[in-house]
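Per my numbering, the very first residue in the sequence shown carries number 2; after that it's consecutive. Don't be surprised by glycine CBs; every beta carbon is placed ideally from N, CA and C. As the structure is a prediction and not an experimental result, all values here were calculated from the model. See structure below.
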Amino acid sequence: MSIKDDAQRAHKNLLGETDSDIIDRINHFAFDEVQKDVDLPDRTKILSTLAYLLGCQGVEEYKIMLPVALGNGVNPVEVKEVLYQAIDYLGLGRVMPFFKVTNEIMTARGIKLPLESQTKTTMENRLEEGEQTQIRLFGPQMKDFAKRGIINKWLVDNCFGDYYTRSGLDDRDREMITFCYLAAQGSVEPQLLAHAKVNIGLGNDKEFLTKVVLQNEPFIGYPRSLNAISIVNQAAKELEK
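Rendered as C-alpha coordinates:
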(Lines of atoms letter the chains of each structure in order from A and count residues from 1; the text may use other names and numbers.)
(Lines give C-alpha, C1' and ligand atoms only; values in the text may rest on other atoms or scores of the structure.)
Protein backbone atom coordinates (compact mmCIF):
# COMPACT_ATOMS: atom_id res chain seq x y z
CA MET A 1 0.00 0.00 0.00
CA SER A 2 1.18 3.58 0.66
CA ILE A 3 1.29 6.23 3.36
CA LYS A 4 -1.67 7.91 1.69
CA ASP A 5 -3.81 4.76 1.40
CA ASP A 6 -2.98 3.45 4.87
CA ALA A 7 -3.52 6.81 6.59
CA GLN A 8 -6.77 7.55 4.80
CA ARG A 9 -8.15 4.11 5.61
CA ALA A 10 -7.15 4.39 9.28
CA HIS A 11 -8.83 7.78 9.65
CA LYS A 12 -11.91 6.60 7.77
CA ASN A 13 -12.20 3.59 10.07
CA LEU A 14 -11.99 5.84 13.11
CA LEU A 15 -14.23 8.71 12.04
CA GLY A 16 -16.25 7.45 9.10
CA GLU A 17 -19.41 6.66 11.04
CA THR A 18 -19.34 9.43 13.64
CA ASP A 19 -17.95 12.29 11.56
CA SER A 20 -18.89 11.44 8.00
CA ASP A 21 -19.52 15.11 7.20
CA ILE A 22 -15.84 16.04 7.61
CA ILE A 23 -13.68 12.92 7.24
CA ASP A 24 -13.47 13.16 3.45
CA ARG A 25 -12.20 16.75 3.73
CA ILE A 26 -9.66 15.74 6.38
CA ASN A 27 -8.38 12.87 4.29
CA HIS A 28 -8.33 14.86 1.07
CA PHE A 29 -6.36 17.76 2.49
CA ALA A 30 -3.87 15.85 4.64
CA PHE A 31 -3.27 12.85 2.42
CA ASP A 32 -4.17 13.94 -1.11
CA GLU A 33 -3.52 17.65 -1.49
CA VAL A 34 -0.58 18.04 0.90
CA GLN A 35 1.07 14.79 -0.17
CA LYS A 36 0.78 15.82 -3.82
CA ASP A 37 2.07 19.35 -3.28
CA VAL A 38 5.01 18.49 -0.99
CA ASP A 39 7.87 16.72 -2.74
CA LEU A 40 9.75 14.76 -0.09
CA PRO A 41 10.75 11.09 0.22
CA ASP A 42 8.14 9.01 2.02
CA ARG A 43 10.60 8.13 4.79
CA THR A 44 11.27 11.82 5.47
CA LYS A 45 7.57 12.60 5.50
CA ILE A 46 6.67 9.93 8.02
CA LEU A 47 9.71 10.42 10.29
CA SER A 48 8.98 14.13 10.46
CA THR A 49 5.32 13.47 11.18
CA LEU A 50 6.13 11.18 14.11
CA ALA A 51 8.40 13.89 15.55
CA TYR A 52 5.75 16.56 14.99
CA LEU A 53 3.12 14.48 16.78
CA LEU A 54 5.45 14.03 19.74
CA GLY A 55 6.10 17.76 19.73
CA CYS A 56 2.43 18.76 19.73
CA GLN A 57 1.43 15.95 22.13
CA GLY A 58 -0.77 14.36 19.48
CA VAL A 59 -0.79 10.94 21.06
CA GLU A 60 -4.12 9.83 19.53
CA GLU A 61 -2.95 10.76 16.04
CA TYR A 62 0.39 9.09 16.80
CA LYS A 63 -1.54 5.86 17.47
CA ILE A 64 -2.87 6.12 13.92
CA MET A 65 0.32 7.16 12.18
CA LEU A 66 2.82 4.84 13.88
CA PRO A 67 1.42 1.68 12.20
CA VAL A 68 1.40 3.63 8.92
CA ALA A 69 5.09 4.43 9.46
CA LEU A 70 6.01 0.84 10.29
CA GLY A 71 4.12 -0.37 7.23
CA ASN A 72 5.81 2.07 4.88
CA GLY A 73 9.56 1.76 5.22
CA VAL A 74 10.33 3.16 8.68
CA ASN A 75 12.01 0.52 10.81
CA PRO A 76 11.50 -0.03 14.55
CA VAL A 77 14.95 1.30 15.45
CA GLU A 78 14.23 4.58 13.67
CA VAL A 79 10.90 4.90 15.46
CA LYS A 80 12.53 4.31 18.83
CA GLU A 81 15.26 6.86 18.11
CA VAL A 82 12.63 9.50 17.29
CA LEU A 83 10.95 8.62 20.59
CA TYR A 84 14.12 8.62 22.69
CA GLN A 85 15.55 11.87 21.37
CA ALA A 86 12.27 13.63 22.11
CA ILE A 87 12.93 13.28 25.85
CA ASP A 88 15.52 16.07 25.88
CA TYR A 89 13.39 18.48 23.85
CA LEU A 90 9.95 17.77 25.32
CA GLY A 91 10.68 16.33 28.74
CA LEU A 92 10.02 12.87 30.09
CA GLY A 93 6.59 13.89 31.39
CA ARG A 94 5.36 14.61 27.88
CA VAL A 95 7.10 11.69 26.19
CA MET A 96 6.16 8.89 28.60
CA PRO A 97 2.63 8.35 27.17
CA PHE A 98 4.22 7.74 23.77
CA PHE A 99 6.40 4.94 25.20
CA LYS A 100 3.28 3.02 26.17
CA VAL A 101 1.66 3.48 22.76
CA THR A 102 4.85 2.63 20.85
CA ASN A 103 5.55 -0.52 22.85
CA GLU A 104 1.96 -1.74 22.57
CA ILE A 105 1.87 -1.24 18.80
CA MET A 106 5.27 -2.84 18.23
CA THR A 107 4.41 -5.82 20.42
CA ALA A 108 1.10 -6.29 18.59
CA ARG A 109 3.03 -6.36 15.30
CA GLY A 110 5.33 -9.10 16.59
CA ILE A 111 8.36 -6.86 17.07
CA LYS A 112 10.52 -8.25 19.86
CA LEU A 113 11.43 -5.72 22.54
CA PRO A 114 13.85 -4.46 23.62
CA LEU A 115 15.49 -3.73 20.30
CA GLU A 116 19.24 -4.01 19.78
CA SER A 117 21.00 -1.23 21.67
CA GLN A 118 22.10 1.81 19.67
CA THR A 119 24.12 3.30 22.56
CA LYS A 120 27.67 4.26 21.55
CA THR A 121 28.92 6.04 24.67
CA THR A 122 29.67 4.95 28.22
CA MET A 123 28.88 6.72 31.47
CA GLU A 124 32.58 7.59 31.61
CA ASN A 125 32.99 9.18 28.15
CA ARG A 126 29.55 10.66 27.44
CA LEU A 127 30.66 14.20 28.36
CA GLU A 128 33.69 14.05 26.07
CA GLU A 129 31.76 12.46 23.21
CA GLY A 130 28.89 14.87 23.70
CA GLU A 131 31.22 17.84 23.41
CA GLN A 132 32.75 16.47 20.23
CA THR A 133 29.28 15.98 18.76
CA GLN A 134 28.14 19.46 19.79
CA ILE A 135 31.26 21.01 18.21
CA ARG A 136 30.71 19.00 15.03
CA LEU A 137 27.17 20.29 14.70
CA PHE A 138 27.36 23.83 16.07
CA GLY A 139 30.99 24.78 15.54
CA PRO A 140 34.21 25.29 17.52
CA GLN A 141 32.64 27.98 19.71
CA MET A 142 31.01 25.13 21.66
CA LYS A 143 34.39 24.09 23.11
CA ASP A 144 34.14 24.10 26.92
CA PHE A 145 30.41 24.91 26.74
CA ALA A 146 29.89 22.44 29.60
CA LYS A 147 31.96 24.62 31.93
CA ARG A 148 29.54 27.56 31.70
CA GLY A 149 26.96 26.14 34.11
CA ILE A 150 25.30 22.97 35.32
CA ILE A 151 22.54 23.01 32.69
CA ASN A 152 25.20 23.56 30.02
CA LYS A 153 26.97 20.44 31.26
CA TRP A 154 23.71 18.50 31.13
CA LEU A 155 23.14 19.64 27.55
CA VAL A 156 26.56 18.28 26.61
CA ASP A 157 26.62 14.95 28.45
CA ASN A 158 22.90 14.17 28.34
CA CYS A 159 21.45 15.71 25.18
CA PHE A 160 24.47 15.27 22.93
CA GLY A 161 26.38 12.54 24.77
CA ASP A 162 23.43 10.26 25.49
CA TYR A 163 21.27 10.80 22.40
CA TYR A 164 23.02 12.43 19.45
CA THR A 165 25.85 9.89 19.63
CA ARG A 166 23.49 6.95 19.16
CA SER A 167 23.30 5.02 15.92
CA GLY A 168 19.99 4.39 14.15
CA LEU A 169 19.69 7.91 12.73
CA ASP A 170 22.39 10.13 11.24
CA ASP A 171 23.10 13.79 12.00
CA ARG A 172 20.75 15.08 9.31
CA ASP A 173 17.89 12.90 10.53
CA ARG A 174 18.48 13.91 14.14
CA GLU A 175 18.58 17.61 13.39
CA MET A 176 15.46 17.33 11.25
CA ILE A 177 13.47 15.63 14.00
CA THR A 178 14.78 18.15 16.55
CA PHE A 179 13.50 20.94 14.31
CA CYS A 180 10.14 19.13 14.18
CA TYR A 181 9.84 18.77 17.96
CA LEU A 182 10.54 22.47 18.40
CA ALA A 183 8.32 23.70 15.57
CA ALA A 184 5.42 21.60 16.83
CA GLN A 185 5.54 22.70 20.47
CA GLY A 186 5.89 26.41 19.71
CA SER A 187 7.14 29.28 21.92
CA VAL A 188 10.76 28.12 21.58
CA GLU A 189 11.81 30.40 18.75
CA PRO A 190 15.45 30.93 19.87
CA GLN A 191 16.06 27.18 19.93
CA LEU A 192 14.14 26.67 16.68
CA LEU A 193 16.29 29.32 14.98
CA ALA A 194 19.51 27.72 16.25
CA HIS A 195 18.51 24.28 15.03
CA ALA A 196 17.23 25.62 11.71
CA LYS A 197 20.75 26.99 11.15
CA VAL A 198 22.35 23.66 12.06
CA ASN A 199 19.98 21.86 9.70
CA ILE A 200 20.92 24.18 6.86
CA GLY A 201 24.60 23.69 7.64
CA LEU A 202 24.15 19.92 7.41
CA GLY A 203 22.41 20.12 4.03
CA ASN A 204 18.78 20.26 5.18
CA ASP A 205 18.43 23.55 3.35
CA LYS A 206 15.74 26.22 3.41
CA GLU A 207 13.68 24.48 0.72
CA PHE A 208 13.88 21.16 2.55
CA LEU A 209 12.87 22.59 5.93
CA THR A 210 10.00 24.52 4.37
CA LYS A 211 8.71 21.30 2.83
CA VAL A 212 8.97 19.54 6.20
CA VAL A 213 6.83 22.27 7.75
CA LEU A 214 4.28 22.13 4.94
CA GLN A 215 4.10 18.34 5.14
CA ASN A 216 3.04 18.59 8.77
CA GLU A 217 0.70 21.59 8.65
CA PRO A 218 -2.36 19.29 8.87
CA PHE A 219 -1.09 17.95 12.20
CA ILE A 220 -0.26 21.24 13.99
CA GLY A 221 -2.30 23.88 12.17
CA TYR A 222 -1.47 27.14 10.44
CA PRO A 223 -0.20 29.42 13.26
CA ARG A 224 2.76 27.27 14.30
CA SER A 225 3.46 26.32 10.70
CA LEU A 226 3.62 29.96 9.62
CA ASN A 227 5.86 30.75 12.59
CA ALA A 228 8.20 27.88 11.68
CA ILE A 229 8.44 29.02 8.05
CA SER A 230 9.28 32.52 9.27
CA ILE A 231 12.10 31.10 11.41
CA VAL A 232 13.45 29.06 8.49
CA ASN A 233 13.53 32.18 6.33
CA GLN A 234 15.28 34.10 9.11
CA ALA A 235 17.89 31.35 9.57
CA ALA A 236 18.67 31.23 5.86
CA LYS A 237 18.96 35.03 5.69
CA GLU A 238 21.29 35.23 8.68
CA LEU A 239 23.52 32.49 7.27
CA GLU A 240 23.86 34.40 4.00
CA LYS A 241 25.52 37.34 5.78
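Are the CB atoms of residue j and residue i within a distance shorter than 8 Å?
{"i": "Gly187", "j": "Val157", "result": "no"}
{"i": "Gly169", "j": "Gln119", "result": "yes"}
{"i": "Ala229", "j": "Leu193", "result": "yes"}
{"i": "Asn217", "j": "Ser49", "result": "yes"}
{"i": "Ile4", "j": "Lys46", "result": "yes"}
{"i": "Val102", "j": "Tyr63", "result": "yes"}
{"i": "Met66", "j": "Ala109", "result": "no"}
{"i": "Ala197", "j": "Phe209", "result": "no"}
{"i": "Leu203", "j": "Glu176", "result": "yes"}
{"i": "Gln142", "j": "Phe161", "result": "no"}
{"i": "Gln235", "j": "Tyr164", "result": "no"}
{"i": "Gly17", "j": "Ile24", "result": "yes"}
{"i": "Ala195", "j": "Ile221", "result": "no"}
Evaluate residue i with the Cβ neighbour count: other Cβ atoms within 10 Å of its Cβ, from every protein chain shown; 16 or more gives buried, anything less gives exposed.
{"i": "Thr19", "result": "exposed"}
{"i": "Ser21", "result": "exposed"}
{"i": "Met97", "result": "exposed"}
{"i": "Glu125", "result": "exposed"}
{"i": "Glu82", "result": "buried"}
{"i": "Ile232", "result": "buried"}
{"i": "Pro115", "result": "exposed"}
{"i": "Arg149", "result": "exposed"}
{"i": "Pro219", "result": "buried"}
{"i": "Gly59", "result": "buried"}
{"i": "Tyr223", "result": "exposed"}
Considering Cα atoms alone, identify which of the options is closest to residue i.
{"i": "Val213", "options": "Tyr53, Gly17 and Glu34", "result": "Tyr53"}
{"i": "Glu241", "options": "Arg225, Phe220, Asp206 and Pro224", "result": "Asp206"}
{"i": "Thr123", "options": "Tyr85, Arg167 and Glu105", "result": "Arg167"}
{"i": "Asn107", "options": "Arg95, Leu93 and Val80", "result": "Note on residue identity: the sequence assigns Met, not Asn, to residue 107. Comparing Cα positions, the closest option is Val80."}
{"i": "Leu183", "options": "Phe139, Cys57, Phe32 and Asn153", "result": "Cys57"}
{"i": "Asp171", "options": "Met143, Lys148 and Leu138", "result": "Leu138"}
{"i": "His29", "options": "Glu61, Asp40 and Lys13", "result": "Lys13"}
{"i": "Glu61", "options": "Lys154, Phe100, Glu129 and Glu239", "result": "Phe100"}
{"i": "Val78", "options": "Ile24, Ser226, Ile112 and Ala11", "result": "Ile112"}
{"i": "Asp43", "options": "Arg10, Asp6 and Arg225", "result": "Asp6"}
{"i": "Asn104", "options": "Leu227, Lys154, Lys121 and Leu71", "result": "Leu71"}
Quiz prompt | Secondary structure, alpha helix (DSSP H): runs of 4+ residues fully inside the region 28-91 | solution = 35-38, 43-56, 60-71 and 77-91, all fully within the region 28-91.
Quiz item: Mind pulling the alpha helix (DSSP H) runs of 4 or more residues that sit fully within the region 122-179?
Solution: Listed in chain order, they are 127-139 and 151-155.
Quiz prompt | Entirely enclosed alpha helix (DSSP H) segments - the region 170-239, minimum 4 residues | solution = List check, alpha helix (DSSP H) in window: 172-186, 190-203, 207-216 and 218-221.
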